Every structure is written in structure tokens, then in C-alpha cells.
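One structure below.
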Amino acid sequence: MSWRVPLANVEIPEQDVEAVLDCLRSGWLTMGPRTNEFEQRFADHVGSPHAVAVSSCTAALHLSCLAAGLGPGDEAIVAGMTFVSTPNAVRYTGATPVLCEIGGPEDMNIDPADVERRITDRTRAVIAVHFCGYPARVVELRELCDQHGLVLIEDAAQAISARVDPSGRQAGTVGDLACFSLFSKNQLPVGEGGVVTSPDEQLAAKVRSLRSHAMTSVTWDRHRGYADTYDVVDVGYNYRLDEPRAALALSRLGRLDEQIESRRELARTYRRRLAGLEGLGFVWGDEAVEAGSHFAFPVLLPDQAARDRFRERLQELGVQTTWYPAIHRFSEYREAFGEQSLPSVEAAAERHCALPMGSGFSSDQVEIVVESVQQALADELGAAA
Amino acid sequence: MTAATGTFPEIPFFDLKVEEEDLEAVAETLRSGWLTMGPRTEAFERTFAEYVGAGHAVAVSSCTAALHLAYLAAGVGPGDEVIVPAFTFAATAAAVIYCGGTPVFADIAGRHDLGIDPDDVERKISDRTKAVCAVHFAGYAAPVDRLKEMCDARGIALIEDAAHGPGGSLNGKNIGTHGLAGCFSFFSNKVLSVGEGGMLVTDDEEVAQQARTLRSYGMSSGTWARHSQATTTYDVTALGFNYKLDEPRSALLASRIKRLDADIARRRELIMNYRRALGQMSGVTLPYRDEDVATASGYVMPILLDDPEFQREFRARLRERHGVQTSVFYPATHEFSAYRERYAGVSLPHAELAARTEVTIPLFSHLTDEDQQRVIDAIEDALR
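Just so you know, the protein sequences line up as chains A and B, in that order. Once you know that position 365 of the first sequence is 365 in this note's numbering, the rest is easy, because the numbers rise by one and skip nothing. Numbers in this note's numbering are just positions in the second sequence, counted from 1, shifted up by 1000.
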């Protein structure tokens, strides 16, 4: 059975296809002119001075943690509600991720007060996640980090174009480093890919060096005759993006703003059409909806059992949904760090369900989702009666 | 720095040609709208496994990623040593460090054979050696038959860095299939190229399963499995990574692998032309023997200058007088700043001499006979 409405859909119009084919016809696939141009345009879009394209947002996070100086013995405070790659990246460096609380089921972003409580002598960085594309309170965290001399990293995997303050400043411009995803399900999808932005030239240079084995020149430089050999000055990685993906990202970047607006409109529609239904709640308020860039649209059910039944019923009706488990409840994290208690994260993880979200859904598909949600909730009430 | 001309070479040392059928395959994938690792990647993994004759193939984001996963499969962790050649790309050693292990550098056989020297490997095996990694330099098989016996006798894992394959073989068995795991590269300048990409092959089902889990965050199910309704949620059971390949690259690889045998045949023909012409010239030595070429992948054409002081000047002459680009495969890993700092006092005479005398000359399957003759004439002139 295929979904009537999948969780996300990626439409790749002919102009994108042509951009990729042009690149392939050129025969130059290794990180080069298209990647350079994409980095420049991406930096402009976000409003950050430096952008470095990488192979994934996980790679972006790893390199950011390294650039932040994280290593064995250090701690980084990480939002407890996120995808597993956020704390994983801390662990790759040998440092320890300290998971912290979120506002609660109605505000699934990092709680600055809990961050403050978890700061120790070993804390070196804080990683704030703009969950589902709704802006985290990074301006507040910026102050906190400055007071304690901590590096602030924004995990903006889900939040390109989100606005973090009333002036319209974008996610990824407040931290010392910010990480974006170009994964298929994200707002600017190319398959696998990521970007690091930074206001700091030295941090950006460090990321740039480590993404390509800390080599002092890259293939493109040598091809053009700007270098004839190289040194390796650190233990680096192969976290390069390649030219076809950079070409695709470049082509799509021009349409990003209108697609984000279309996602926002879908969020507004959901909130209008699903408002007041018994047994269903929203995460965040109208203001956050206007500021967010809408990677996903989470709704809340009364408890885990109701949420699981809701998802099952939607699946029967052909609507794909997902949810984010709490990191500290994964087998791997239980084994590595023992049992931890993060009540707000747990409640949010147990109660939320993300509905289909994207810029290319037809009004018929939106109608299917709305009616299916109504149906699932009606069935639930009927069963209870 | 010589040869920093800031111009494109007339004859590059590698070049890549993407054919119409490749473009179609990528276009069709993009139009499908499904970009995340899924049916096309699975199909290409089966094709590749069959091509090299391995039980399992796991597509990853690069050969560096494949090496990292292979060392993890061998159980490499803090305190462990892995014996690697120094005459290779830095990733071979770097991936050991990712695992918390220590790379122990072995020398190469000599000017006739730029692959790892099994006698030196034997000398460097210690109680802490967890694995040996053999690089099949330029696509010529390393002595993995002997290394395998040596490793088996001591309960050490043999990993093959087959970045310079596929298509090479030893005793009728493909390189990359002799040890616990073989790692391939699909980087742009490789025999089978796609931009960035890699593959881990193995006959061991557990190794394959672990690599599959770790390439995708240690998750118990992937996006495709959830999309295709095989499951609706997941656990995370290990500290994993994002080493996934995506569908457009898998589609491109699946299309290009169909021409791989023909490409390799042409590469071997070009290598034999070079050997006939350059074998006559004084001042240059050709590693390997004519009869080795038939079972090599033909990845690159390494030549060795007799004078170690001449490498830069020789390359500059080729570039500036003749527009011929060359490369050096490779600066020795243990001589890079990052490695000198960490592992001081390593001395590997053969690798060091090779690094100072090696020059990689143009080789790619669509290099024409005329352009090859230009390269040969240029070398003759530059040697004068």
C-alpha cells in the first residue's frame, strides 16, 4: 500500500533536473565552482558571513563541535528533544552530551533555565535545536553563553529561514556556529548534504579545513594550477559535498522563500481546521507559527496510548506520520549514560505526532489529512463512549 | 611553489565523462522525488557485490567512511594498533584515529612494487595489533594472500583499502574480497566515479549488518523502511553516523558500472602504451611488471624519477611547457605535519623515496592516442 499523503514530498521541477545535468555534463563533480557559489548564496540567504558546505548536518555538527574545541573531558549541553545526531556529534569528539529539558509539550524547544542549571566547570558548549523549524530562544542563550564563556551552536537542521527575533534575524546567525541540513525531507533538499555557517572567520576556516582531511589545498585548486601539492595539518574527515548536489541546492535556493511561505500557510490551515477538536492540542502559538519555517507540524494527543492509536488510525487512512523518541530512552543512550529523567522531554515525546508537512501538497491531500485527523479523533471518542 | 599557473591544464591527470545514459538515469531518479537511500541504492549494492564477488555490499558516503566502518567491524578501539602503509592517501590512517586506535606505519616493498611490504608488516605486529590494512596501490594487488595467512595465524583482521579498485584481482579473486572487509571509493577521479561515494564489501553477514546500522545513526530502521510501511518507529542501538549514500548517486553508479569493464580495458591498453614508450627513457623507472597490468584496475599511472631532487622541476616543466597536469600519489602520510606531531620518529625509507620521486601522469579511459603521445613527448622533453 502506498500513502495517500506521505509525511513529506519532494518535487523536483525540470529546472532543477537541468541544473544537475549541466553539472554532470561538465565532467567536474568534485567540490569546486558550484559549491563555492552555493556557499556564497547560502551565506547571503541566512545572513551569515561564512558558509561551508558539507556532506550532512551530522557532519556539520561534528565539525562545529571540533571547531568549538570539544574533546574528552568536556561537556556540551544539548536540547533533549532532537534527532540523535545532535548528541552523537558531541560524542564523536570524545566529549559528553548533557541532555537538558525543553519548555514542555507545548514548547518543544530547549529551556534556557534548565541549561543554566546544568552548567558545570566542564561545560564548553551549548547546542540549541530549532525543533521542527520553530525558533529556539537563542538570543537568551547567547547572553547566557557569553556570561559563562561558552560556545553556542545552533542546530538549525530543521530551521532554515526561521526568524529568531522580531527584527527578522534568521536562525543560524546568533550562535558561534550553526548547522543546516540538506536531507531529502528538509526544506532545501538535495538527498544528503549540510552546511555550517559562522560569523567567525577562524571557526569557518577550521570547519573548511577539517571537512576535507585538513589538506592545505583541494583538488579544484590543484586542477586550476593554484597548488601542486599539499600538507595534512590535522586529523580531518571526508565531509565534502559534491558538485551535482551543490548545483541542485543552488537551483532550489531561489524558490526557498516561497516554499517556506507555502509551508507556513499549511501550518496556518492545519491550525484553523483542527482548532478546538477534542483530544487534540497544538505545540507553540501563533507567533511562533509566523516566525517558524515549518519542517514538521507536530500536534499533541492526551497521552502515549492515545497518540499511538491516533497514528495507527491515520496509517489505516493512508496518512503517514512520525514522532521523535526521547534520546535518553534509546537503548544506546541508556547503556552509555544510564537511566536519566527529563520529564518535559518524555511528556513531549510520548504525546506528539507530526502530520504531513511540505510545500507541494495539493489541497486534496490537505483535505485528506484534515478529515483523517477528524475521523481518528471521532473514532477515539466513539470508542470511549 | 612551482607550477602554480592559475590555468586549467590542457591534458589533466584525470578526467571524467558522463554519458547520455548516465544523465537519463539521474534525471529519472530526480523526477521520482525520492532522494533518500532506498530501492536504487539497494539495487546498486547487489550489482556491486556481484561485480566484485562479495557476499554483501554496503553503500556509504565515501571510502573514508567505509574504512571507518571496516575498522570498527574489526573491533578497533582505544589502545589498539592498526598497521597501515604510509604510501597512501591520509584517510587510511585517519580512520584508525577516528576509532581511537593508533596507526602503525609499514613501509612499501620498493621501487618495483609500491604496495605494503609484508615483511615489514610482520616486524610491526605487536600484542596490540588489531588489524592490518593493505592498500592496492594504483589498482595493483597488494600481497593479500600472504597477509591473510599472517593475520589468520595471529587472529588479526585483514582490511583492504581498495579505493583504487574495483577491477583488480589477485589469484583470480577480486581485490577487496580477500579480508574481513574491502573498502572502495567512487570519488571523481576514481575508476568508477560519481563525485563523493564509497562501498564496504564483506562476506561476513554480521559485519555487513553492523555497517548498515552504523552508516545510518545506529537506527533500527531507515526512512525508506518507514515510508514503505515496513515499520513506523525505531530504536537507536549504537553510536552511529550519517554515512548514507543518496539515490541520485546510486543511480549514476548503477549506470556507470555497466561500462566499467570496457573503461578498465582501455586504461590497461593506455598503460601498456606508456610502459612501451617510457620504459626506453633514462631517468625514469616504472614500478610493477608488464604482466601485472592485465589484473590491475588501471586507476593511475605512477612513474618514478631516478633523481629525488627533480620531482618539482619535472612537474613544472610538464605543466608550463606542455600543459600536462600531473599529481603525486602520494606524499607519505607519516611525513605530514599532523602525523609527525602525533607519531614522531617514524622512518620508512622506501615510502619516503617514493614520495619524493613519484609522479602520476595523465590516465583516463577517454584519453586519446594522440593526447597520450603528447604526454609521452612532453615527458621525453622534460627529462632532457
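For every residue, glycine included, the Cβ atom is placed at its ideal position computed from N, Cα and C. Quantities reported herein were computed from a predicted structural model and do not represent experimental measurements.
For my contact list, residue i and residue j are in at a C-beta cut-off of 8 angstroms; report their separation, rounded to the angstrom.
i: residue 1144 of chain B; j: residue 1179 of chain B; result: 6 angstroms
i: residue 5 of chain A; j: residue 356 of chain A; result: 5 angstroms
i: residue 1081 of chain B; j: residue 1064 of chain B; result: Not a contact, Cβ separation roughly 20 angstroms.
How far does the beta strand (DSSP E) with residue i in it reach, from first residue to last?
i: residue 1130 of chain B; result: 1129-1135
i: residue 51 of chain A; result: 50-54
i: residue 181 of chain A; result: 177-181
i: residue 352 of chain A; result: 352-355
i: residue 127 of chain A; result: 123-129
i: residue 100 of chain A; result: 96-100
i: residue 946 of chain B; result: In the structure displayed, chain B extends from 1001 to 1384; residue 946 of chain B sits before or after that span and is not available.
i: residue 1360 of chain B; result: 1358-1361
Which residues share a DSSP beta bridge with residue i?
i: residue 1181 of chain B; result: B:1159
i: residue 170 of chain A; result: A:163
i: residue 1199 of chain B; result: B:1059 and B:1184
i: residue 1103 of chain B; result: B:1082
i: residue 297 of chain A; result: A:355
i: residue 1151 of chain B; result: Beta-bridge pairing links residue 1151 of chain B to no other residue.
i: residue 191 of chain A; result: A:183
i: residue 198 of chain A; result: A:50
i: residue 238 of chain A; result: A:212
i: residue 1089 of chain B; result: In the DSSP output, where bridge partners are listed per residue, residue 1089 of chain B has none listed.
i: residue 1126 of chain B; result: In the DSSP output, where bridge partners are listed per residue, residue 1126 of chain B has none listed.
i: residue 319 of chain A; result: A:5
i: residue 1097 of chain B; result: Looking at the DSSP assignment, residue 1097 of chain B forms no beta bridge with any residue, so it has no partner.
i: residue 1175 of chain B; result: Residue 1175 of chain B is not bridged to any residue.
i: residue 1327 of chain B; result: B:1360
i: residue 1388 of chain B; result: The displayed coordinates of chain B run from 1001 to 1384. Any statement about residue 1388 of chain B would go beyond what the structure contains.
Could you give the first and the last residue of the continuous alpha helix (DSSP H) run that contains residue i?
i: residue 429 of chain A; result: This structure gives no information on residue 429 of chain A, because the portion of chain A shown stretches from 1 to 385.
i: residue 331 of chain A; result: 331-337
i: residue 114 of chain A; result: 112-118
i: residue 1213 of chain B; result: 1205-1215
i: residue 1049 of chain B; result: 1039-1052
i: residue 1272 of chain B; result: 1260-1278
i: residue 380 of chain A; result: 363-384
i: residue 78 of chain A; result: Segment 75-79 is the beta strand (DSSP E) holding residue 78 of chain A; no alpha helix (DSSP H) there.
i: residue 1227 of chain B; result: 1223-1227
i: residue 1373 of chain B; result: 1369-1383
i: residue 1220 of chain B; result: It is not in any alpha helix (DSSP H) - residue 1220 of chain B carries neither H nor E in the DSSP assignment.
i: residue 220 of chain A; result: 219-223
i: residue 147 of chain A; result: 138-148
Leaving aside the five residues before and after residue i along the sequence, list all residues of the same chain whose C-beta is less than 7 angstroms from its C-beta, in chain order.
i: residue 222 of chain A; result: 228
i: residue 1051 of chain B; result: 1166 and 1257
i: residue 1264 of chain B; result: 1167, 1191, 1297 and 1298
By Cβ distance below 6 angstroms, which residues in the same chain neighbour residue i in space, the five residues on each side in sequence not counted?
i: residue 1382 of chain B; result: 1314, 1317 and 1318
i: residue 1366 of chain B; result: 1017
i: residue 225 of chain A; result: none
i: residue 181 of chain A; result: 57, 157 and 194
i: residue 82 of chain A; result: 129
i: residue 29 of chain A; result: 242 and 243
i: residue 1378 of chain B; result: 1318, 1322 and 1324
Going along the chain, which residues of its own chain have a beta-carbon closer than 8 angstroms to the beta-carbon of residue i, five neighbours each way excluded?
i: residue 1205 of chain B; result: 1055 and 1056
i: residue 173 of chain A; result: 46, 47, 48, 164, 197 and 199
i: residue 162 of chain A; result: 130, 133, 134, 135, 156, 170, 171, 291, 292 and 293
i: residue 273 of chain A; result: 370
i: residue 1115 of chain B; result: 1085, 1108, 1109, 1134, 1135, 1136, 1137, 1140, 1141, 1142 and 1143
Find the residues of chain C that neighbour residue i, judging by a C-beta separation of less than 8 angstroms, and give them in chain order.
i: residue 174 of chain A; result: As a matter of chain content, chain C is missing from the structure shown, whose protein chains are A and B.
- Item | Within 9 angstroms of chain A by C-beta, residues of the region 1244-1273 of chain B in sequence order | 1244, 1245, 1246, 1247, 1248, 1249 and 1252
- Message: By the 9 angstroms beta-carbon criterion, what residues does the region 57-85 of chain A contribute toward chain B?
- Response: 57, 58, 59, 62, 83, 84 and 85
- Closer than 8 angstroms, Cβ to any Cβ of chain A: which residues of the region 1214-1248 of chain B, in chain order? 1217, 1218, 1219, 1223, 1226, 1227, 1229, 1232, 1233, 1234, 1235, 1236, 1237, 1238, 1239, 1240, 1241, 1242, 1244, 1245, 1246, 1247 and 1248
- Item | Members of the region 238-258 of chain A near chain B, C-beta cut-off 7 angstroms | 238, 240, 242, 243 and 244
- Positions along the region 4-15 of chain A whose CB lies within less than 8 angstroms of some CB in chain B: 6, 7, 9, 10, 11 and 12
- Task: Below 8 angstroms between beta carbons is the criterion; list the residues of the region 1038-1069 of chain B that meet it against any residue of chain A, in chain order.
- Result: 1061, 1062, 1063, 1064 and 1065
- Scan the region 1006-1017 of chain B for residues whose Cβ lies nearer than 8 angstroms to a Cβ of chain A and list them as they occur along the chain. 1006, 1007, 1008, 1009, 1012, 1015, 1016 and 1017
- Message: Any C-beta of chain B within less than 7 angstroms: which residues of the region 22-36 of chain A qualify?
- Response: 24, 25, 27, 29 and 30
- Using a Cβ-Cβ cut-off of less than 8 angstroms, give me the residues of the region 1180-1198 of chain B that come near chain A, in sequence order. 1187, 1188, 1189, 1193, 1194, 1195 and 1196
- Item | Residues of the region 226-238 of chain A with Cβ closer than 9 angstroms to any Cβ of chain B, in chain order | 226, 227, 228, 229, 230, 231, 232, 233, 234, 235, 236, 237 and 238
- Where the region 1323-1336 of chain B meets chain A: residues whose CB sits under 8 angstroms from a CB there: 1325, 1327, 1328, 1331, 1333 and 1336
- Going along the chain, which residues of the region 1356-1377 of chain B sit with their C-beta nearer than 9 angstroms to a C-beta in chain A? Cβ contacts with chain A come from no residue of the region 1356-1377 of chain B.
- Residues in the region 200-228 of chain A having any Cβ partner in chain B nearer than 8 angstroms: 213, 214, 215, 219, 222, 223, 224, 225, 226, 227 and 228
- Check distances from the C-beta atoms of the region 1104-1124 of chain B to those of chain A and list, in chain order, the residues that come in under 8 angstroms. none
- Selection of the region 150-183 of chain A by Cβ proximity to chain B, strictly under 8 angstroms: Result list: 183.
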